[in-house]
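Just below is one structure, and these are the notes that go with it.
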Amino acid sequence: MADSLNTPDAPPSAPHTPGAPVRHARAKGEPRFPDGPKADPAGSHFERRIRSFQPRRSRVTAGQADALQRLWPTWGLDIDGQRVLDLGELFGNDRPVVLEIGFGMGEATAQMAAADPDTNILAVDVHTPGQGNLLNLAERNGLSNIRVGNGDAIILLREMLRPDSLDGLRVYFPDPWPKKRHHKRRLIQPAFLTLAATRLKPGAIVHCATDWEPYAEQMLDVLTAHPDFENTRADGGFAPRPEFRPLTRFEGQGLDKGHVVNDLLFRRVPHRDR
Numbered sequence: 298m299a300d301s302l303n304t305p306d307a308p309p310s311a312p313h314t315p316g317a318p319v320r321h322a323r324a325k326g327e328p329r330f331p332d333g334p335k336a337d338p339a340g341s342h343f344e345r346r347i348r349s350f351q352p353r354r355s356r357v358t359a360g361q362a363d364a365l366q367r368l369w370p371t372w373g374l375d376i377d378g379q380r381v382l383d384l385g386e387l388f389g390n391d392r393p394v395v396l397e398i399g400f401g402m403g404e405a406t407a408q409m410a411a412a413d414p415d416t417n418i419l420a421v422d423v424h425t426p427g428q429g430n431l432l433n434l435a436e437r438n439g440l441s442n443i444r445v446g447n448g449d450a451i452i453l454l455r456e457m458l459r460p461d462s463l464d465g466l467r468v469y470f471p472d473p474w475p476k477k478r479h480h481k482r483r484l485i486q487p488a489f490l491t492l493a494a495t496r497l498k499p500g501a502i503v504h505c506a507t508d509w510e511p512y513a514e515q516m517l518d519v520l521t522a523h524p525d526f527e528n529t530r531a532d533g534g535f536a537p538r539p540e541f542r543p544l545t546r547f548e549g550q551g552l553d554k555g556h557v558v559n560d561l562l563f564r565r566v567p568h569r570d571r
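Heads up: the sequence shown runs through residues 298 to 571, numbered per my numbering.
Rendered as C-alpha cells:
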C-alpha cells in the first residue's frame, strides 16, 4: 500500500509533461501525500489476517496527485477502524448508500454515480492512482455522491459501519486468486457474507461480477448456500449484466479474449429474528 515515488531521472528543472507520472525525492518517513490517503490507515490496531487484496505499486500522474492533495480532505476517507461513521454526515444527506469494493481506476463508478445521483457510493480501494483518478472524475463531472475510501473493506464493515446502514454492495472483478492454495484469499466467502449481511438492510442487493468462471461458480455456490441471501433469478443461476453496470475497459478486453463475464444479483433477506 505504501509505494515510494522514484527519484528523478532528469534534473529538477526539467519540465513536467502533463499526465506523466510524478517523480520527486522524499525524505525518509515523509508521507507521500501529506493531505491525502495514508499508507496504512489501520496500522497495527487490528490483528493480522489473510487479505483478499494485493496492494499494487504504481506511479501517480500529476493530475491524480493534485486531486489527492486537494480533494482527499473533503471526499476521502482513511479506513482506520477507530470510529463509527455517520453516513448521512459523510455524504451530507440521507440518500441510500451503496458500498463498492475495488473500483480500479474508477471509470465505471463515476458513470454509475452520474446515472443515479440519488444514490451515494462509498467506493473503497487501495490503489492510489485509482483513488486519484476517481476523485478527478468526481470533481470534473460534479459528482457529489461519491466518497473514496482507502484501506481494508473488512475493517470498514466490521468496525466503522452501523448495522443495516447499507442499501447495496458491489464487488466487480475482484482478484480471482486462481491458484488453489490462494483460494482462501478470495473475498466472496461465507464469513465475509455473514459480516456484510449485518450491515445490509433487508432487500439490499449484493451485485458481483467476474470474468473468471471458476470463481463465478464458487460465488454462486457460496451465495446460494448462505441463509441471509436469495438469488434474484428464479432459475437460481447467473444474471445478465444489468444496464446500470457499465461495460468497463477491463471487461471489454476480457471479452475480446473470449472470457465469459458472469453477474450475480442476490437480495438480503429479512432478518430471521423479525
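Don't be surprised by glycine CBs; every beta carbon is placed ideally from N, CA and C.
>> So Ala407 and Asn438 are supposed to be a Cβ contact under 8 Å. How far apart are they, rounded?
In response: 6 Å
>> Can you list, in chain order, the residues of its chain with a C-beta nearer than 6 Å to that of Leu396? Leave out the 5 residues immediately preceding and following it.
In response: Leu419, Leu463, Leu466
>> Going residue by residue through the segment 495-530, where are the continuous beta strand (DSSP E) segments of at least 3 residues, counting only ones entirely within it?
In response: 497-507, 526-528
> In three-state DSSP terms, what is Gly446?
Replying inline: strand
> Considering only C-alpha positions, which residue in the set Asp560, Met457, Leu365 is nearest to Glu510?
Replying inline: Asp560
> Leaving out five residues before and five after Pro499 in sequence, what residues of the same chain have Cβ atoms less than 7 Å from its Cβ?
Replying inline: Arg565, Val566, Pro567, His568
>> Quick check on this structure: which residue in Ala410, Thr507, Val421 has the alpha carbon closest to the alpha carbon of Pro473?
In response: Thr507
> If we call anything under 9 Å between Cβ atoms a contact, is Arg530 one with Leu497?
Replying inline: no
> Applying the criterion that 16 or more other CB atoms from any shown protein chain within 10 Å of the CB defines a buried residue, is Glu540 buried or exposed?
Replying inline: exposed
> In the DSSP assignment, what residue or residues form a beta bridge with Val421?
Replying inline: Ile398, Gly446
>> Looking at the secondary structure, which residues open and close the alpha helix (DSSP H) in which Leu552 lies?
In response: 546-553
> Taking contact to mean at least 3 C-beta pairs separated by less than 8 Å, is the segment 407-416 in contact with the segment 375-388?
Replying inline: no
> Residue ranges of each alpha helix (DSSP H) run of no fewer than 4 residues wholly in the segment 449-485, ordered along the chain?
Replying inline: none
> What residue does the alpha helix (DSSP H) around Arg538 start on, and which one ends it?
Replying inline: No alpha helix (DSSP H) contains Arg538, which DSSP labels as neither H nor E.
> Leu365 and Pro334 look like a contact to me (Cβ under 8 Å); what is the Cβ gap, rounded to whole Å?
Replying inline: 7 Å
> Do the segment 358-378 and the segment 475-486 meet, that is, are 3 or more Cβ pairs less than 8 Å apart?
Replying inline: no
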